[in-house]
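To keep things clear, I will list the structure first and then write my remarks on it.
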Amino acid sequence: MKTKILVINPQRIDFAKIKIAAEEIKKGNLVAFPTETVYGLGADALNEKAVAKIFQAKGRPFNDPLIAHIADIKELYRLSKKIPPVALKLAEAFWPGPLTLVLRKSELVSDIVTSGLDTVAIRMPADNIALSLIREAQTPIVAPSANLFGRTSPTNAQHVVDDLDGKIEMIIDGGKTKVGVESTVLDITTKPARVLRAGGISVEKLKEVIGQVKISKELEEVFRSPGMLNSHYSPQAKLILVEEKGESEVEEVRQLASEYKGKGFKVGIMAKEENQNEYNGFEVKIIGKGAELERCAANLFAILRSFDKDGFDIIITEGLEERGLGLAIMERLRKAAVPKYEC
1 MKTKILVINP QRIDFAKIKI AAEEIKKGNL VAFPTETVYG LGADALNEKA VAKIFQAKGR
61 PFNDPLIAHI ADIKELYRLS KKIPPVALKL AEAFWPGPLT LVLRKSELVS DIVTSGLDTV
121 AIRMPADNIA LSLIREAQTP IVAPSANLFG RTSPTNAQHV VDDLDGKIEM IIDGGKTKVG
181 VESTVLDITT KPARVLRAGG ISVEKLKEVI GQVKISKELE EVFRSPGMLN SHYSPQAKLI
241 LVEEKGESEV EEVRQLASEY KGKGFKVGIM AKEENQNEYN GFEVKIIGKG AELERCAANL
301 FAILRSFDKD GFDIIITEGL EERGLGLAIM ERLRKAAVPK YEC
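So in the UniProt record's numbering the end of the sequence shown lands on 343, straight run, no missing numbers.
Written out as structure tokens, the structure is:
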């Protein structure tokens, strides 16, 4: 298969190109496209054969449910049989945007989309290309991250090419994504609502709108939320996360880096900008200032992929404060990390 690439400026949408991509969706084919979070691998959510192609192209297990993307609030009533008032309140506050709502699914939604669950995950992306594609295709589009399963999520079109060239019909190149981590997944079928996956909308913002919010940490919640299987965010290199604070953090990173470098491994360090001069003699990539969590989130996956591209064996990374987007970043780093002395 030859993968076609369409370059579209998100600020000046070329609707002729959008129509070409939408025709691929209507044919039951796969189209990777940008959202504000990461690039998604899109298929017609109501076409079971098309949805199955996503699992095949990504090598994704069938027990990992997908998110249905919509461009009109009316689509909620097609995909869900019960829309509680809190859903509309959240949609008004955060849609279009990086918030996924888990609702009771309607009969229209196939089990292949939900991995057999009685709930469906739905969101409205805040990206002009994504919204234009969904509208032109005239169907909800399921779109997990456009990468091979077990790889870090793609935040530009080249990342998608690296993983899926020759495996899918089309890639829309709309430039770098803005948020850089996936959407927050919020289960509103329970009271209080539960965050199943931290992401682009912070827990603090959710609480401002709906009050009490629970953060799920139970292992079984992994399978109720899209994209939460343990290897989902892992680079090819072994990643070690250091969660000590202050001077202890720098000392631990430096010690681990020295030990593994001494054993002959190619070691890279992902550090906060304020610590970039603490690791002389090591390869360092800067995620951003510790206080600039939006910048850190936007850079996260691209930096991890760059370590892989440069052939590193081990990545040792500093941690970030768990507030705002920091919670989403740390959640992904913990899932990608291995124990300190398992390399």
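A virtual CB, placed ideally from N, CA and C, is assigned to each residue, including glycine.
Best match in the options for proximity to residue i [C-alpha to C-alpha]
i, options, result
"Glu208", "Lys82, Gly324, Gly28 and Glu247", "Gly324"
"Leu66", "Arg295, Gly40, Arg332 and Gly211", "Gly40"
"Lys309", "Val51, Leu6, Asp162 and Gln138", "Asp162"
"Ile13", "Lys266, Asp313 and Asp127", "Asp127"
"Thr3", "Lys81, Met270, Ala57 and Val86", "Ala57"
"Leu239", "Thr177, Thr317, Leu101 and Val86", "Thr317"
"Pro339", "Ile315, Leu327 and Leu103", "Ile315"
"Arg334", "Asn47, Glu243, Leu164 and Lys263", "Glu243"
"Ser306", "Pro235, Ile215 and Gly97", "Pro235"
"Ser202", "Val31, Asn47 and Leu99", "Leu99"
"Gly200", "Val267, Arg332 and Ala271", "Arg332"
"Ile269", "Glu259, Lys27, Phe282 and Asn277", "Phe282"
"Lys49", "Ala198, Ile25, His69 and Ser248", "Ile25"
"Phe55", "Pro140, Pro226 and Pro125", "Pro226"
"Glu247", "Glu294, Val86 and Asn275", "Asn275"
"Leu30", "Glu292, Ala137, Asn9 and Leu320", "Ala137"
"Gly166", "Asn147, Ile8 and Asn63", "Asn147"
"Ala193", "Lys245, Trp95, Pro84 and Asp111", "Pro84"
"Ile70", "Trp95, Gly59 and Asn47", "Trp95"
"Ala68", "Pro61, Leu108 and Val120", "Val120"
"Glu259", "Pro144, Ile210 and Glu342", "Glu342"
"Met1", "Pro140, Ser145, Leu164 and Gly264", "Leu164"
"Leu293", "Leu304, Asp313 and Gly319", "Gly319"
Extent of the continuous beta strand (DSSP E) to which residue i belongs
i, result
"Leu41", "Tyr39 to Asp44"
"Pro34", "Val31 to Pro34"
"Arg197", "Ala193 to Arg197"
"Gly326", "That residue, Gly326, is in no beta strand (DSSP E); its alpha helix (DSSP H) goes Leu325 to Ala336."
"Glu278", "From DSSP, Glu278 is part of no beta strand (DSSP E); its letter is neither H nor E."
"Ile315", "Ile314 to Glu318"
"Arg295", "Note, Arg295: premise wrong, no beta strand (DSSP E); alpha helix (DSSP H) at Leu293 to Lys309."
"Lys245", "Where Lys245 is concerned, there is no enclosing beta strand (DSSP E), given that its DSSP letter is neither H nor E."
"Ile122", "Thr119 to Arg123"
Contact belief for residue i with residue j at Cβ below 8 Å, rounded distance in angstroms
i, j, result
"Ala45", "Val142", "4 Å"
"Ile122", "Pro34", "The Cβ separation is near 19 Å, so there is no contact."
"Glu182", "Thr37", "5 Å"
"Leu241", "Ser216", "Wrong, their Cβ atoms sit about 21 Å apart, outside the cutoff."
"Lys261", "Val253", "Rounded, the Cβ-Cβ distance is 12 Å, inconsistent with contact."
"Phe301", "Gly180", "6 Å"
"Ala297", "Ile329", "6 Å"
"Ala52", "Gly42", "Contact flag wrong, Cβ pair sits at about 14 Å."
"Leu79", "Ser110", "About 11 Å; that fails the 8 Å criterion."
"Gly59", "Asn47", "So it is not a contact: roughly 20 Å between Cβ atoms."
"Val250", "Glu278", "5 Å"
Run of the alpha helix (DSSP H) containing residue i, from where it starts to where it stops
i, result
"Ala237", "First-last for Ala237: undefined, no H or E at that position."
"Leu206", "Val203 to Ile210"
"Arg104", "First-last for Arg104: Leu99 to Arg104, but that is the beta strand (DSSP E), not the alpha helix (DSSP H)."
"Thr114", "Asp111 to Thr114"
"Lys263", "Lys263 -> no alpha helix (DSSP H), and no H or E assigned at all."
"Ile215", "No alpha helix (DSSP H) holds Ile215; the beta strand (DSSP E) holding it covers Val213 to Ile215."
"Ile5", "Per DSSP, Ile5 belongs to no alpha helix (DSSP H); it is in the beta strand (DSSP E), Lys4 to Val7."
"Glu24", "Phe15 to Lys26"
Tell me whether the region 186-195 and the region 151-169 touch, counting them as touching only if at least three CB pairs, one residue from each stretch, are closer than 8 Å.
no
Is the region 129-147 in contact with the region 275-295, if contact means three or more CB pairs nearer than 8 Å?
no
Could you check whether the region 85-100 touches the region 141-153, counting it as contact only if at least three pairs of C-beta atoms, one from each stretch, sit closer than 8 Å?
no
For the structure I just gave you, are there three or more beta carbon pairs, one from the region 113-120 and one from the region 8-20, closer than 8 Å?
no
Would you check if there are 3 or more beta carbon pairs closer than 8 Å linking the region 70-77 to the region 157-176?
no
Would you list, in sequence order, the uninterrupted alpha helix (DSSP H) runs of no fewer than 4 residues that lie entirely inside the region 35-94?
48-58, 75-79 and 85-94
What runs of the beta strand (DSSP E), each 3 residues or longer, lie entirely inside the region 136-193?
170-173 and 184-187
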